[in-house]
Amino acid sequence: MARLHVARYLLGSALTGLWRNRTMTGGAIVTTAIMLITLAGFLAINDTLNQMVTALGRKSNLIAYVRDEARPTQVMAIIDDLRTRPGVGEVQFVSKEDALAIFESRFVDQRDILDVLQSNPLPASVELRLNDPSVVPDLAQELQTMTTVFDDVVVPLDVVEEVIGISNLARVAGSVIIIALTGVTLFVIVNTIRIAVFARRQEIEIMKLVGATDWFVRGPFVAEGAIIGGVGAGIAAIALVVLYAQAAPVVTRIVSFLPVSTDTDFVRNLAVFTLLVGLIVGSLGSYFSVRRYLSV
Amino acid sequence: MIVLEDVHKVYPNGTQALNGVSLEIPERDFAFLVGPSGAGKTTIIRLINRDETVTTGSVFVEATDVTRLRRRDVPQLRRRVGVIYQDYKLLPSLTVRQNVEFVLKATNEFDHLSDGLVEETLATVGLTRRTNHYPHQLSGGEQQRTAIARALVRRCPILVADEPTGNLDQESGWETIQLLVQLNARGTTVVIATHNRMLVDTMRRRVIEIERGRVVRDEPEGGYYG
């Protein structure tokens, strides 16, 4: 019963406070919403770039061509070792016969070429599918040093390195922007609550003098901050879901190679994250705004 | 029971407010703190409520060493000590009734909002007909009685008042003191810091005179001047 009274008091005081400073409250909610939409936008871009890197990683096959004179046991030992390496997905041995069969199936029209040759000219190979494209350069270099086993190592290094570079840059820039936007949101909420606290400083002083606990004084303001953050984030989350539903198919159609997430899980998670950020930033901002006035 | 033991208080600006004050106010006592402005009366009141802290010495309220009280335990002390100020410290946007209810909410005593305690308290201070008035619609005496009701509603065993009649005319001041006397008769310990010479001389109660931060006189039934 007492808890219900306290909850009703906190919410009632918070709503009264917000209504009293309604212009400021509205401004803070709109700013929070804009900041959080922008923040979520950057997170979506980051996610797309990460997916791109992963997709490229999955596609990036590193192929090492085996010398004809290499001993099979030696090749098998290397394959077993490669399978234990981090970032390495699948390792497949393609024998000379397999290579020929593949060639024949792919180039049905040009089988005459093979008929001219007396023996199978295609080398055996080890094909690696990689989960993490960042391991490609080191792995390629290592295989290239095994000159007694491998003849040549083919690797799509340029594209991989470039995508990793862009992705890292985007991640750093994204993090900086996310921190900056969170800071701005915090600043706006903190200042809104400070004005509310200043307007009610007499009330706070009396509360403290009659024996109210710090939490009781702080509670309504923390609730105010949480409401500003929560409502702002709610608007941002709704806008996000609507915008994403409209924009994702269009982007996918225009730039088909971009792996833009169109699944609802991603947008839902992003919306929930936005709501959480709004609530946490709002509550924490208010918590620290009131602290200064509690030393009565 | 309130006990001050060799209390010194120096404010951050260097002002020495108290210079070795020791005094004892037993339970149910009624005492006046008198002395010129700047003598240290208000500092004593603020130390009792832990609105200020001592520089050296000890302050005990009901066996609690106030000087060693942890910050989170201060609200418990303040719920036992009601303070009445010269400027009443009422919230202008709340009615008389709401001002009294406000302290019950602030001290998490919501159950008393509906059990008739507020009405009973307002009747005790004679404000039954003014419950829905705002502070600016009340006389100084009525505002002070609202402030007393606010302390009373918490059933504080100790009431300390800092110049409670300072802003009141003679009649309202007298009514306020009579109210405090009634509360004392019911068992509340009352300490009043005042400049009101006529009041102290008429009451003939315990008088503690403070001068330059020291107790210079402590009489069980004294006047304003010794």
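Residue numbers (this note's numbering), protein chains in the order written: chain A, 1 to 296; chain B, 1001 to 1226. Idealized CB from N, CA, C, for every residue including glycine.
Could you have a look at residue i and say whether DSSP puts it in helix, strand or coil?
{"i": "A/F107", "result": "coil"}
{"i": "B/E1119", "result": "helix"}
{"i": "A/L130", "result": "strand"}
{"i": "B/T1056", "result": "strand"}
{"i": "A/V296", "result": "Its pLDDT being 47, under 50, A/V296 is placed unreliably by the model, and nothing is read from it."}
{"i": "A/Y9", "result": "helix"}
{"i": "B/L1152", "result": "helix"}
{"i": "B/N1196", "result": "coil"}
{"i": "A/E205", "result": "helix"}
{"i": "B/A1063", "result": "coil"}
{"i": "B/V1021", "result": "strand"}
{"i": "B/Y1085", "result": "coil"}
{"i": "B/H1133", "result": "coil"}
{"i": "A/V89", "result": "The question names Val, but residue 89 of chain A is Gly in the sequence shown. Reduced to three states, the DSSP call for A/G89 is strand."}
{"i": "A/E142", "result": "helix"}
{"i": "A/A40", "result": "helix"}
{"i": "A/S125", "result": "strand"}
{"i": "B/T1202", "result": "helix"}
{"i": "B/Y1224", "result": "coil"}
{"i": "B/D1218", "result": "strand"}
{"i": "A/V94", "result": "strand"}
{"i": "A/D152", "result": "strand"}
{"i": "A/N168", "result": "helix"}
{"i": "A/V210", "result": "coil"}
Output needed for residue i: all residues of its chain with C-beta closer than 8 Å, excluding positions within five of it in sequence on either side, in chain order.
{"i": "A/V296", "result": "Model confidence at A/V296 stands at a pLDDT of 47, short of 50, so the residue's coordinates are unreliable and nothing is read from them."}
{"i": "B/T1095", "result": "T1131, N1132, H1133 and Y1134"}
{"i": "A/L15", "result": "I227"}
{"i": "B/R1145", "result": "V1125, G1126, L1127, E1175, T1176 and L1179"}
Can you pull the chain B neighbours of residue i, defined as C-beta to C-beta under 8 Å?
{"i": "A/T213", "result": "R1072, P1075 and N1108"}
{"i": "A/V6", "result": "N1108 and F1110"}
{"i": "A/F288", "result": "Within 8 Å Cβ-Cβ: nothing; A/F288 doesn't reach chain B, min ~17 Å."}
Are the C-beta of residue i and some C-beta of chain A separated by less than 8 Å?
{"i": "B/L1199", "result": "no"}
Are the C-beta of residue i and some C-beta of chain B separated by less than 8 Å?
{"i": "A/V272", "result": "no"}
{"i": "A/Y9", "result": "yes"}
Residues of chain A with a CB under 7 Å from the CB of residue i: which are they?
{"i": "B/V1103", "result": "V210"}
{"i": "B/R1079", "result": "G211"}
So with CB distances below 8 Å, who are the chain A contacts of residue i?
{"i": "B/P1091", "result": "The displayed chain sequence assigns Leu, not Pro, to residue 1091 of chain B. What B/L1091 touches in chain A: Q202, E203 and I206."}
Going along chain B, which residues have a C-beta under 7 Å from residue i?
{"i": "A/F216", "result": "A1106 and N1108"}
So with CB distances below 9 Å, who are the chain A contacts of residue i?
{"i": "B/V1083", "result": "L209 and V210"}
If you drop the 5 nearest sequence neighbours on each side, which residues of the same chain put their C-beta closer than 6 Å to that of residue i?
{"i": "B/A1161", "result": "I1084 and I1192"}
{"i": "A/L275", "result": "A233 and A237"}
{"i": "B/Q1178", "result": "none"}
{"i": "B/A1059", "result": "The amino acid at residue 1059 of chain B is misidentified as Ala; the sequence shows Val. Closer than 6 Å at Cβ, skipping near neighbours: L1004, L1047, V1066 and T1067."}
Excluding five sequence neighbours on each side, which residues of the same chain lie with their C-beta closer than 7 Å to the C-beta of residue i?
{"i": "A/I228", "result": "T25, A28, I29, T32, I189, T192 and G282"}
{"i": "B/R1214", "result": "N1019, G1020 and V1021"}
{"i": "B/E1142", "result": "L1127 and R1130"}
{"i": "A/A223", "result": "L10, L11 and A14"}
{"i": "A/V155", "result": "L62, V136 and A140"}
{"i": "A/P220", "result": "L10, S13, A14 and G17"}
{"i": "A/R171", "result": "N46"}
{"i": "B/T1064", "result": "L1077"}
{"i": "A/F42", "result": "G174, I177 and I178"}
What are the residues of the region 199 to 210 of chain A that lie near chain B, defined by any Cβ-Cβ distance shorter than 9 Å? So the list reads Q202, E203, E205, I206, M207, K208, L209 and V210, given in the order they occur along the chain.
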